[in-house]
Amino acid sequence: MKILKKILIGLAILIAIPLIVALFVPKDFAAKSEIIINKPKQEVFNYVRMLKNQDHFGVWQLSDPQMKKSEQGTDGQVGFKYSWDGEKVGKGSQTITRIVDGETIETSLDFGFGEPSKGYFTLKEISPNQTAVTWGITGKSPYPWNLMGLFMNMNKDFDQGLKNLKDILK
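Written out as structure tokens, the structure reads:
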């Protein structure tokens, strides 16, 4: 009986420690990456504004090719909703919320918990044939999911996704 009591106390401590740590971890998160693509800004914009094109360069989409996808609306326009359900990437959706032609695309990303995050692409012309592309996300992780922020680095996923995009737009 003493051994069982010690095991239960040990388990309670193992469960309590991460929950206590999560109380002190920020709930806000942000990640982004930038790359220079040797194409005119409007050409790059016309490609990234189409959410379905992320299937070809997005790290998460490429990691789960068997995920089920559905869509509502017209891709590349405000209100277009792209949903997924996959074994590796889970279930969620991305909806275009704002477009400034040639400059910015903003989306609402719903991962099924907490409030939706804001995804975005911004483009800046470096020269007539060079475009700086920034891809990022901002949001809040609800407690205790905010603890995952200590172990996740989305910047590297955006880095790889933008490298993939650059390869596609050669």
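When we follow the numbering used here, the leftmost residue of the sequence shown carries the number 353, and every step to the right adds one.
C-beta atoms are modelled at their ideal positions from N, C-alpha and C, and glycine is treated no differently.
Grab me the residues of residue i's own chain with a C-beta within less than 8 Å of its C-beta, minus the 5 sequence neighbours each way, in chain order.
{"i": "residue 441", "result": "412, 413, 415, 416 and 419"}
{"i": "residue 501", "result": "377, 378, 381 and 493"}
{"i": "residue 426", "result": "432"}
{"i": "residue 516", "result": "408, 409, 410, 411 and 414"}
What do you get for residue i, buried or exposed, if any count of 16 or more other CB atoms within 10 angstroms of its CB means buried?
{"i": "residue 465", "result": "exposed"}
{"i": "residue 446", "result": "buried"}
{"i": "residue 393", "result": "buried"}
{"i": "residue 382", "result": "exposed"}
{"i": "residue 479", "result": "exposed"}
{"i": "residue 448", "result": "buried"}
{"i": "residue 510", "result": "buried"}
{"i": "residue 403", "result": "buried"}
{"i": "residue 471", "result": "buried"}
Restricting to Cα atoms, I'd like to know which of the options is closest to residue i.
{"i": "residue 522", "options": "482, 448 and 507", "result": "482"}
{"i": "residue 391", "options": "460, 485, 435 and 366", "result": "485"}
{"i": "residue 518", "options": "428, 477, 508 and 386", "result": "386"}
{"i": "residue 371", "options": "358, 508 and 499", "result": "499"}
{"i": "residue 395", "options": "477, 359, 356 and 366", "result": "477"}
Could you pull out every residue in the same chain whose Cβ sits closer than 7 Å to the Cβ of residue i, ignoring the five residues on either side in sequence?
{"i": "residue 451", "result": "401, 430 and 457"}
{"i": "residue 506", "result": "383 and 489"}
{"i": "residue 437", "result": "419, 420 and 443"}
Which same chain residues end up closer than 6 Å to residue i when comparing Cβ atoms and leaving out the 5 residues on each side of it in sequence?
{"i": "residue 410", "result": "513"}
{"i": "residue 474", "result": "456 and 486"}
{"i": "residue 435", "result": "422 and 445"}
Quiz item: Does the stretch 482-495 come within contact of the stretch 377-388, defined as at least 3 CB pairs closer than 8 Å?
Solution: As far as the Cβ criterion goes, the stretch 482-495 touches the stretch 377-388, which means the pair count is three or higher.
Quiz prompt | Runs of alpha helix (DSSP H) lying entirely within the stretch 436-502, each at least 4 residues, in chain order | solution = none
Quiz item: What runs of the alpha helix (DSSP H), each 4 residues or longer, lie entirely inside the stretch 374-430?
Solution: 393-400, 406-409 and 411-415
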